[in-house]
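Structure record follows, encoded as structure tokens.
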Amino acid sequence: MSTTLLISDLHLHPDAPEVTEGFLDWLARRASGADALYILGDFFEAWIGDDLLDHVDQDPTGNAALAIRVAGALRRLADEGTAIYLMHGNRDFLLGHRFASAAGAKLVTDPAVLRFADEPVLLMHGDSLCTRDEAYMAFRRQARSPAWQEQILAMPLADRIQLAAQLRQQSGEANSNKAEDIMDVTPAEVVRTMRDHGVTTLIHGHTHRPAVHALEIDEQPARRIVLGDWQPDHGWEVEIGPDGDPVLRQVTL
1 MSTTLLISDL HLHPDAPEVT EGFLDWLARR ASGADALYIL GDFFEAWIGD
51 DLLDHVDQDP TGNAALAIRV AGALRRLADE GTAIYLMHGN RDFLLGHRFA
101 SAAGAKLVTD PAVLRFADEP VLLMHGDSLC TRDEAYMAFR RQARSPAWQE
151 QILAMPLADR IQLAAQLRQQ SGEANSNKAE DIMDVTPAEV VRTMRDHGVT
201 TLIHGHTHRP AVHALEIDEQ PARRIVLGDW QPDHGWEVEI GPDGDPVLRQ
251 VTL
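Numbering (full-length UniProt numbering), first residue to last: 1 to 253.
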């Protein structure tokens, strides 16, 4: 029986060990045996470059040890036959092919269109849909620039660790002063994006507002499925079975 699982926004970080343990348990208990697993961004709370994997002894934050442990768990799942796909989020946009290889995974573009039961489904992280947050959209354009990424990755590891901490703090402070609707998706952008990709189903994360939204595109019924973020006691998944119908559910960790 063909089963695909999709998750997003785990924000794995050494300061949240319960989420990591819950995810690893979910991976062994729930994802084992699935045909495919898609992780739709913000898998890690921050990612400063794949070379972190070489410098556990130079990383006082514990992120390197966490990444190695998580990569090993994903590799074991991949070796059992589950195809694993990683999409960049707004927190881990520097995640590279080296980590993906260590995890037995492949990087996928954002957005990506897949077919389930011969129906196209659009997968996204979701941050590009939040066009009313002009300050964030400006940062996103910068952060996704290959030239900017190359400049950041050329910095010494210690400087990147410090930069990641600063960006994390600035993001939290900025979001605390923004109106709730600004940080949510722009409805017109959702419709435009779905129309451009010829789909009536969109699955994304980013907003931490899990729900299934019914909408209409060119007089056709459509839906937007939003994955939630993971907490110490629960996570969120979308399961797509042989019938191709996505089911959003909360999972106990």
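Where a beta carbon is used, it is the ideal one built from N, C-alpha and C, also for glycine.
Asked, Found
"Do residue 50 and residue 87 have their CB atoms nearer than 7 Å?", "no"
"Could you check the C-alpha separation between residue 166 and residue 115 for me, to the nearest Å?", "40 Å"
"Would you identify the three-state DSSP class for residue 82, choosing helix, strand or coil?", "coil"
"Does DSSP put residue 93 in a helix, in a strand, or in coil?", "coil"
"Can you check DSSP and say which residues form a bridge with residue 119?", "116"
"Select from 33, 189, 184 the residue whose C-alpha is nearest the C-alpha of residue 226.", "184"
"By how many angstroms is the C-alpha of residue 138 removed from the C-alpha of residue 207?", "18 Å"
"Residue 9 to residue 229, Cα distance in whole Å?", "5 Å"
"Kindly list the residues whose CB is nearer than 6 Å to the CB of residue 93, restricted to its own chain and excluding five residues on each side of it in sequence; keep chain order.", "143"
"From the DSSP output, in three-state form, read off residue 216 for me.", "strand"
"Applying the criterion that 16 or more other CB atoms from any shown protein chain within 10 Å of the CB defines a buried residue, is residue 82 buried or exposed?", "buried"
"Contact between the region 149–165 and the region 69–76: three or more CB pairs below 8 Å?", "no"
"Let's test the definition: count the other Cβ atoms within 10 Å of the Cβ of residue 236 and tell me whether it reaches 16, buried, or not, exposed.", "buried"
"Using DSSP with H/G/I as helix, E/B as strand and the rest coil, what is residue 22?", "helix"
"Pick helix, strand or coil for residue 87, following the three-state DSSP scheme.", "strand"
"Got a sec? Which residues, its chain only, sit under 8 Å from residue 148 by beta carbon, not counting five neighbours each side?", "142"
"Please list the terminal residues of the continuous beta strand (DSSP E) segment that includes residue 191.", "No beta strand (DSSP E) contains residue 191, which is instead part of the alpha helix (DSSP H) from 187–197."
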